[in-house]
Amino acid sequence: MVTRHISTANGAIATLLLGSTLLLSSTLLFSVYGTATAEQPPLFAANRTASSSLRRAHQPELRISEFRDLQEFAKRVAASEYVPEPPLIPVLANMDYEQYREIQFRHEQGVWNDSKHPFWLEFFHRGFVQKDRVNVFAVDQFSRTGTAKQLHYHPSQFRFGGAAADLSVPASVGYAGIKIAGRFEPEGDPQELLTFLGSSYFRSRTADTVYGTSARGLAVNIGMNQDEEFPDFRSFWVQEPSPSDRVVRVLALMDSPSLTGAYEFSVDPGQNVSQMDVRATLYFRDVPNKVAIAPLTSMWIWGDGLQGPKLDERPSVHDCDGLLIHEGDRWMWRGLARLPYPSVTSTSVNQVHGFGLLQRDRDVEHFRDSNARYHERPSVWVRPNESWGAGRIELLEIPGAHEGIDNIGAYFVSDSPVDANRPLELNYTVFFFSEESALSSAVVPKNESGLPLLTCREFDVQRDDRLIRMRFDFNRTAQRYVDEVSAGVSSVEENVSLAAEPEEERLVSDAENIAASDSKFDPLVRLVRGKLVDRKVVQTGDRVSVEIAFEATEDAPIEIEMTLNDADGIPQSETFRYLCPRGTPNFVYPAVYTRQE
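For the sequence shown, the numbering used here begins at 559 and goes up steadily by one.
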């Protein structure tokens, strides 16, 4: 893996990620659901006014029920000129957040919300920043033709309360997005499982997590000195589930000036892991400068390496605390940073097995926020199901004004140029999960023998007039969970042959010859734009603490890479990477953080 850092102060890059965290905070969990009633608006009424054959002839979307149907439709759409959506009516476009959050879908109006279906469909209202309209179709898998019926908006499906109580909304407005609700367990409480809202954003969760890091269908020209192009999901086809179904199936049409796309999502929501299989075919109108595959977006405002405002007592505020990459037989963990300007870090890969934005820290005391529940935010992992070939994983970090705005992005960019005359096929899986043990076979770093490596669980940065000092804590405590199925054992403890180290303490300090060390673990440290001055290694049981001191050699952030090797030079840890600001970054926080008006 080769890492390249690009930084820019260009303002265009600062608007790359949409802030969806704040907008959806009121829909984290549902507590009360009703069942369908006779007062439901006529969702299918428009379809009853003409014969079904005439409707399908004039509206080809009604003939879509399978992925191959959507592929053919997307190909035809790509052959025509891109047509942007008409603007949203001013009464909704000009509303503020307080008004928008008072518009809530009535759960009893959900499609298939009855005792016969394990999942049902609900909707998001348009307004505030959610200005785009989506068309929604229900696919009747029980009919012989498997045809689709369009679902139509009606204001009575929503509750307009508080600041939105006096709004008058016409029935032609349409929906902003969709949500899938259901139960993680057959006898469990009804909850929201999956949402599609804004551009091509989607996110899921597990029974033991709340919403956090999101995924996107695609990103175009992201992290460049030009405006990003945001492809939109324009239409959705949701398959009606049978009583025994455990998988939600959604088709989506993507459209943008450069391309169209046919997407199929098969989602299996779970207690500890929710799995989303994604198939897509992209058809190009034009060749973009960059096509980012399987993009993830998240939020990191402060935490390891950066303290928050003095009057805010929360030690950390983030949805994830690092980027994990598994490439070939190597593992890389990149701690997140927040610079005063946008930054893109590029890691070259030849055989990527997966990458993701993880929330490793689950200690509630490290967040102290019972409302936001950052310790319960899901980690998200992307696994290619077919080889993506050579390319790079890019990590985008932008300053972010507050925790309601996503400011972290991660995605894959292929080295192979896009051919506008050939469709691009994608096949990958996105996992939303809680503890690393829930997806240990994919996200617990291991060596070639399948034994767990040391991983960085925490780090700190201190500065004085000349030196920057960093402390890293590595351990195997969280790596006791080696996948039982692949290991072929029934006891987790049997997998932990590396965890039974005798308690010992070692100290290494050699400023004159830093490369020399007689420690059991020899830190191999590489710096770009920095000079290593000192290092110390302290081992106590499963915990290995490393301290390094270095000085900046340029007026720019220092790139740090460190791996703990044994005496034979064999890696015993993941490779830790970090982009360390030369000085402590200064940010102007909103009044809610500083407690000052």
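Heads up, the beta-carbon is just placed ideally off N, CA and C, and yes, glycines get one too.
- Collapsing the DSSP output to three states places Phe990 in a strand.
- If only complete runs of 4 or more residues are kept, the segment 609-697 shows the alpha helix (DSSP H) at 610-616, 625-636, 648-651, 655-658, in order along the chain.
- Taken atom to atom, the span from the alpha-carbon of Lys1004 to that of Trp891 is near 13 Å.
- When the alpha-carbon of Val692 is set against those of Phe686, Gln699, Phe681, Asp698, the nearest one is in Phe681.
- Restricting attention to Leu897, Asp803, Phe842, the CA atom closest to the CA of Trp860 is found in Leu897.
- For Val1150, the three-state secondary structure derived from DSSP is helix.
- In the DSSP assignment, Ala1000 falls within the unbroken alpha helix (DSSP H) covering 998-1001.
- Fully enclosed alpha helix (DSSP H) runs of no fewer than 4 residues are not present anywhere in the segment 832-864.
- Cβ contact annotation for Val635 (same chain, cutoff 6 Å, sequence separation greater than five): Thr818, in chain order.
- Within a 10 Å sphere around the beta-carbon of Arg1024 sit fewer than 16 other beta-carbons, which makes this residue exposed.
- In the DSSP assignment, Gln917 falls outside any beta strand (DSSP E), carrying neither H nor E.
- The beta carbons of Tyr658 and Val694 sit no closer together than 8 Å.
- Looking at the DSSP output, Gly735 sits in a beta bridge with Phe682, Leu755.
- Taking one beta carbon from each stretch, the segment 976-989 and the segment 865-875 have fewer than 3 pairs nearer than 8 Å; the two do not touch.
- The segment 1067-1142 is shown to contain whole beta strand (DSSP E) runs of 3 or more residues at 1080-1086, 1088-1098, 1101-1110, 1116-1123, 1133-1138, in chain order.
- Rounded to the nearest whole angstrom, the C-alpha separation of Glu1132 and Lys633 is 43 Å.
- Counting along the chain, Leu869 sits inside no beta strand (DSSP E), nor does DSSP assign it H or E at all.
- The beta carbon of Glu1109 sits closer than 8 Å to those of Arg1024, Leu1025, Ile1026, Gly1088, Lys1089, Val1091, all from its chain and outside the five residues before and after it, given in chain order.
- Contact fails between the segment 789-796 and the segment 710-723, because fewer than three Cβ pairs, one in each stretch, are under 8 Å apart.
- If you check the CB distance, Ala895 and Tyr1136 come in under 8 Å.
- Comparing C-alpha distances from Gly756 to each of Gly735, Gly958, Ser638, Pro748 shows the shortest one belongs to Gly735.
- The beta carbon of Ser832 lies closer than 6 Å to those of Ser762, Thr764, Phe990 in the same chain, with the five residues before and after it left out.
- Pairing Ile738 with Leu811 gives a Cβ-Cβ distance that is not under 8 Å.
- The C-alpha of Gly828 lies about 9 Å from the C-alpha of Arg804.
- Separation of the CB atoms of Leu854 and Leu915 is rounded to 5 Å, and the pair is thereby assigned contact status at 8 Å.
- Thr839 has its alpha-carbon roughly 13 Å from the corresponding atom of Val976.
- Contact check for Val669 and Ala696: beta-carbon distance about 6 Å, within the 8 Å limit, so the pair qualifies.
- Tyr769 sits in coil when the DSSP states are folded into three classes, being neither helix nor strand.
- In the DSSP assignment, Phe742 falls outside any beta strand (DSSP E) and carries neither an H nor an E.
- Contact check between the segment 960-970 and the segment 1010-1019: fewer than three CB pairs, one atom from each, fall below 8 Å, which does not count as touching.
- Look at Pro713 here: in three-state DSSP terms it is helix.
- The C-beta distance from Asp844 to Ala978 rounds to 7 Å, short enough to meet the 8 Å contact threshold.
- The shortest CA-to-CA distance from Val902 to any of Ile951, Arg941, Leu882 is the one to Ile951.
- A distance below 8 Å between beta-carbons, with the five flanking residues on each side excluded, links Ser945 to the following residues of its chain, in chain order: Gln909.
- Closest by C-alpha distance to Arg1084, out of Glu1117, Gly1099, Gln1097, Thr1098, is Glu1117.
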